[in-house]
Each structure stands twice: as structure tokens, then as C-alpha cells.
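>
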Amino acid sequence: GINAEYGQTLQHYFKRINLSYPMTALFDGALLASLDWSKARAEYRGEVCPSCPSQSLEYQVRPLQICDYERGYCDLLTHLTRVGEITRDMFESQFDRMRRSGGYYVIVIHHAPSDTIVGSATLHVEHKFIHATANRGRIEDVVVHPDHQGQEFGKMLLDICILLAEETRCYKLSLDCNEKVRGFYEKLGMKCKDDHRFMSIQFFD
Numbered sequence: 013g014i015n016a017e018y019g020q021t022l023q024h025y026f027k028r029i030n031l032s033y034p035m036t037a038l039f040d041g042a043l044l045a046s047l048d049w050s051k052a053r054a055e056y057r058g059e060v061c062p063s064c065p066s067q068s069l070e071y072q073v074r075p076l077q078i079c080d081y082e083r084g085y086c087d088l089l090t091h092l093t094r095v096g097e098i099t100r101d102m103f104e105s106q107f108d109r110m111r112r113s114g115g116y117y118v119i120v121i122h123h124a125p126s127d128t129i130v131g132s133a134t135l136h137v138e139h140k141f142i143h144a145t146a147n148r149g150r151i152e153d154v155v156v157h158p159d160h161q162g163q164e165f166g167k168m169l170l171d172i173c174i175l176l177a178e179e180t181r182c183y184k185l186s187l188d189c190n191e192k193v194r195g196f197y198e199k200l201g202m203k204c205k206d207d208h209r210f211m212s213i214q215f216f217d
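The sequence shown begins at 13 in the numbering used here and counts up one residue at a time.
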């Protein structure tokens with residue numbers, strides 16, 4: 013997992029990012045600063061994810077911003093699924109709906125030298141009355157641009173989503189996956205249900 017020193021470095025980094033973009037982000041970046049990285053589930057190579065943004069100013073992990081439309085966020089999603097033609101107005105309207113409704117945590121990786129978004133994952137939190145008014149989380153739209161794969165960004169994005177789910181009082185976190193990546197998710201503590209494309213983590217009953 014991630015050692016304590018590395019976790020403190022990430023927390024300091026996320027605090028700095030949050031102060032830089034207070035008004036245009038989809039959600040409060042202070043949530044990233046509050047994550048307890050001692051609970052990270054993934055194993056990283058070498059010096060614990062050496063290409064992580066905290067180690068290199070080339071990459072930044074932060075909430076989605078409204079200006080990421082120009083930074084190719086929608087283009088990034090085409091490496092995951094069909095996106096369609098999205099105008100700036102359409103993007104702004106959807107961004108505003110998601111921000112006002114709450115419960116949408118879109119985390120992105122910004123590549124500073126090219127000023128483009130090269131990775132993203134979404135945690136969607138549903139509010140429930142059950143489990144003493146706890147929440148239920150879903151991980152969706154996990155994607156890393158092909159030119160930036162192999163740097164453990166996908167693993168890091170999933171770790172962030174899992175930690176955010178716990179931070180936002182999710183009693184359960186789930187995702188859909190195909191058989192090819194099932195083993196990868198199992199290493200993060202997710203378990204397969206009867207439908208082998210559905211996996212989840214139960215945080216509490």
C-alpha cells in the first residue's frame with residue numbers, strides 16, 4: 013500500500029490544488045486533501061507510484077473543472093465509449109446540473125505540459141434512508157489516455173474513488189467490469205456477485 017510519508021505528501025499536494033481552483037471545480041477539492049492514504053488498497057511499483065502527481069509537476073490530480081472542456085475531457089472519454097457531439101453550452105449545462113445536485117465526484121488527471129486531461133474516474137454517490145441514512149457509491153467512466161497508460165494512473169484513480177466513498181459514508185461501492193479486468197479489481201478488495209460483471213466492496217452493514 014502507500015506509506016505514511018507518501019500519504020502526507022499527497023494530502024499536502026491536494027490542499028495546494030484545492031486552493032488553486034476554488035470556484036470552477038465540480039466538487040470541493042478539500043475532500044481530496046482529507047483522504048487517509050494509509051487506507052489505500054493498491055500496491056505500487058518502486059517508490060510507491062513514482063509517476064504520481066505528488067512526485068512530478070507534469071501531472072495534477074484534481075476535481076473536474078468547467079474549463080476542462082477546452083482541455084479535451086470529452087475527447088478523453090471517447091477512449092472509453094461513444095460520446096457524441098457535445099458543445100460548450102451542453103457541457104456547461106450538464107456540469108452545472110451535476111454540481112448543484114451533489115453526489116458527483118469526477119476526478120481528473122491534468123497533464124500540464126500539453127494542458128490536456130489524460131485520465132478520469134467518476135464516483136457517483138446516492139443518498140439512502142437505509143443503513144442509518146448512509147450512501148451508496150458507484151464507480152463509473154474510468155479511463156486513461158493510451159499515451160499515458162503504464163504509469164499506474166488507473167490504479168490511483170480507483171484508489172481515490174474507494175477512499176472518497178468511505179469519506180462520504182458509503183456503506184457499499186460497486187462497479188461494472190468485464191472479465192478481462194476482474195483480477196485487477198479483486199486486488200483492490202472488490203468481490204464478484206452472481207452477475208460476474210458486477211463487483212462491490214461492503215464497507216459496513
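Ideal Cβ positions, reconstructed from N, Cα and C, are used throughout, including at glycine.
If you're wondering where the values come from, they're calculated on a predicted model, not measured in any experiment.
1) Between the alpha carbons of R148 and P125, how many angstroms are there, rounded?
2) Touch check for the region 97–104 and the region 150–166: three-plus C-beta pairs under 8 Å?
3) Just mark A54 as buried or exposed, buried being the case when its beta carbon has 16 or more other beta carbons within 10 Å.
4) Using only CA atoms, which one of L169, E198, A146 lies nearest to T180?
5) With C-beta atoms as the reference, is L47 less than 8 Å away from L185?
6) Given L92, which residues of its chain have a CB within under 7 Å of its CB, disregarding the five upstream and five downstream residues?
7) Starting from T145, follow the beta strand (DSSP E) in both directions and report where the run begins and ends.
8) Mind checking whether the beta-carbon of A144 lies closer than 7 Å to any heavy atom of the ligand FMN?
9) Can you tell which of C189, P158, E178 has the C-alpha that lies nearest to the C-alpha of F215?
10) How is Q163 classed by DSSP in three states: helix, strand or coil?
11) What residue range is occupied by the uninterrupted alpha helix (DSSP H) comprising R111?
12) For my contact list, Q72 and H143 are in at a C-beta cut-off of 8 Å; report their separation, rounded to the angstrom.
13) Quick check: the Cα distance between Y218 and S50, rounded to an integer number of angstroms?
14) Helix, strand or coil: how does DSSP classify V193 here?
So, from the data block:
1) Taking C-alpha positions only, R148 is separated from P125 by approximately 37 Å.
2) In short, these stretches do not touch, since the Cβ pair count stays below three.
3) Looking at its Cβ environment, which holds 16 or more other Cβ atoms inside 10 Å, A54 is buried.
4) Of the candidates L169, E198, A146, the one whose C-alpha sits nearest the C-alpha of T180 is A146.
5) Their beta carbons are not under 8 Å apart, which means L47 does not touch L185 by this criterion.
6) Cβ neighbours of L92 beyond the five flanking positions: D153, V155.
7) That residue, T145, is in no beta strand (DSSP E); its alpha helix (DSSP H) goes 142–145.
8) In the structure on display, the ligand FMN does not appear, and there are no ligands present to speak of.
9) That would be E178, whose Cα lies nearest to the Cα of F215.
10) When secondary structure is reduced to three states using DSSP, Q163 falls in the coil class, being assigned neither helix nor strand.
11) In the DSSP annotation of this structure, the continuous segment of the alpha helix (DSSP H) that includes R111 starts and ends at 100–113.
12) Q72 to H143, Cβ: 35 Å. No contact.
13) Residue numbering for the chain in the displayed model covers 13 to 217; residue 218 lies beyond these limits and cannot be assessed.
14) It is helical.
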